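Okay, structure first, notes after.
In the numbering used here, the protein residues as written are 267 to 413.
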């Protein structure tokens with residue numbers, strides 16, 4: 267198989283996993299904006315800016331609306347935005363019913379997200395299936411992840 271003409275696409279995870287790993291996800295939205303223009307100019311395939319612990323931490327520790335964070339970041343970036351979605355756990359710490367998952371994905375797409383990187387902590391693909399189907403049905407890009 268020829269690799270001629272194929273490109274490596276790079277996703278930057280600084281605005282989600284970078285501070286989740288280093289600062290317990292305590293970076294406020296306002297701290298992300300001063301560098302937005304420079305990051306946007308790099309030419310990344312996508313920017314992972316949401317999901318994982320960011321949703322919970324925005325509300326519990328930062329006093330921010332996670333939906334507003336997504337909308338603000340969408341206004342500041344032309345680069346496709348992506349999130350880490352915990353499959354059937356959505357962005358929480360328990361298994362949620364399908365209707366909650368579906369509505370969450372619809373709302374997330376409506377608020378400006380382009381790519382969903384979907385995983386399950388147990389690597390059980392059954393817990394990822396509905397999320398993948400819904401993301402695709404909404405016209406967004408689904409990336410299934412097994413760790």
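Where a beta carbon is used, it is the ideal one built from N, C-alpha and C, also for glycine.
Fair warning: this is a prediction, and the values are worked out from it, not measured in the lab.
Residue i vs residue j beta-carbon contact at 7 Å
i           : j           : result
residue 394 : residue 384 : yes
residue 364 : residue 396 : yes
residue 375 : residue 404 : yes
residue 318 : residue 354 : no
Backbone CA spacing between residue i and residue j [nearest angstrom]
i           : j           : result
residue 413 : residue 389 : 7 Å
residue 358 : residue 402 : 21 Å
residue 270 : residue 277 : 21 Å
residue 282 : residue 298 : 10 Å
residue 361 : residue 268 : 42 Å
residue 320 : residue 291 : 6 Å
Cβ of residue i within 7 Å of any chain D Cβ
i           : result
residue 279 : The structure shown contains no chain D; it holds only a single protein chain.
Where the alpha helix (DSSP H) containing residue i begins and where it ends
i           : result
residue 371 : 364-376
residue 399 : 392-403
Beta bridge counterpart(s) of residue i as assigned by DSSP
i           : result
residue 278 : 313
residue 383 : 350, 409
Endpoints, the beta strand (DSSP E) within which residue i is located
i           : result
residue 299 : Run containing residue 299: none; DSSP gives neither H nor E here.
Nearest-angstrom Cβ-Cβ length linking residue i and residue j, presumed shorter than 8 Å
i           : j           : result
residue 315 : residue 347 : 5 Å
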